[in-house]
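Peer 1: Numbering (the numbering used here), first residue to last: 9 to 125.
C-beta: ideal position from N, C-alpha, C; glycine also.
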């Protein structure tokens with residue numbers, strides 16, 4: 009059963025401007041992962057928010073991606089642009105879930121930046 013992960017990153021203007029470059033590098037790594045199915049994003053500049061949805065064919069393959077050292081390295085690259093010292097993430101098997109209504113877990117930034125504006 010496919011598993012969908014919704015991630016919310018809260019980024020300043022520089023982060024929003026650099027996001028596509030970062031995303032293309034993430035995609036380059038993810039597409040090589042066994043079980044990878046999709047990766048998309050949408051920016052909400054007025055909210056300083058980027059919403060990402062990634063999909064793997066099952067939880068085991070998703071967990072394997074999370075276990076890759078490059079996963080954390082890539083996520084931590086966004087720390088310098090954060091307007092909150094965390095991101096939020098959740099998982100679902102529902103491909104049509106309303107991402108704004110899901111229950112998210114806060115994930116603390118590793119390199120806690122002075123919060124940019």
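Just tell me which of 55, 110, 19, 12 has its CA closest to the CA of residue 83.
Peer 2: The count along the chain shown starts at 1 and reaches residue 83 at position 75. The shortest Cα separation from residue 83 among 55, 110, 19, 12 belongs to 19.
Peer 1: So the beta strand (DSSP E) residue 54 belongs to, where does it begin and stop?
Peer 2: What you label residue 54 is simply residue 46 of the chain shown in a count that begins at 1. From DSSP, residue 54 is part of no beta strand (DSSP E); its letter is neither H nor E.
Peer 1: Would you report the Cα separation of residue 74 and residue 95, rounded to the nearest angstrom?
Peer 2: Translated into positions along the chain shown, residue 74 becomes position 66. Translated into positions along the chain shown, residue 95 becomes position 87. When rounded, the distance between both Cα atoms is 15 Å.
Peer 1: Give a yes or no on whether the C-beta atoms belonging to residue 44 and residue 11 are separated by under 9 Å.
Peer 2: The sequence position of residue 44 within the chain shown is 36, counting from 1. The sequence position of residue 11 within the chain shown is 3, counting from 1. Not in contact: residue 44 and residue 11 (Cβ atoms no closer than 9 Å).
Peer 1: Work out the CA separation of residue 21 and residue 124 for me, nearest whole Å.
Peer 2: The residue given as residue 124 occupies position 116 in the chain shown. The residue given as residue 21 occupies position 13 in the chain shown. Bear in mind that the predicted position of residue 124 carries a pLDDT of just 49, short of 50, making it unreliable; the figure below should be weighed with that in mind. Going by the C-alpha atoms only, they are around 9 Å apart.
Peer 1: According to DSSP, is residue 124 helix, strand or coil?
Peer 2: On the chain shown, position 116 is the one that residue 124 refers to. Confidence at residue 124 is low in this model, with a pLDDT of 49, below 50, so the placement of that residue is unreliable and no value is reported for it.
Peer 1: Residue 33 lies in the alpha helix (DSSP H); which residues open and close that run?
Peer 2: Here residue 33 is taken as the residue at index 25 of the chain shown, counted from 1. That run of the alpha helix (DSSP H) goes 21-38.
Peer 1: I believe residue 102 touches residue 9 by the beta-carbon criterion, under 8 Å. Please report the beta-carbon distance rounded to the nearest angstrom.
Peer 2: On the chain shown, position 94 is the one that residue 102 refers to. On the chain shown, position 1 is the one that residue 9 refers to. So it is not a contact: roughly 10 Å between Cβ atoms.
Peer 1: Can you give me the Cβ contacts of residue 100 inside the same chain, cut-off strictly under 6 Å, excluding the 5 residues immediately before and after it?
Peer 2: As a first step, residue 100 is located in the chain shown; it is residue number 92 there, counting from the start. These residues qualify, in order along the chain: 12.
Peer 1: Check whether the Cβ atoms of residue 61 and residue 107 lie closer than 9 Å to each other.
Peer 2: Position 53 of the chain shown holds residue 61. Position 99 of the chain shown holds residue 107. Yes, these two residues count as a Cβ contact at 9 Å.
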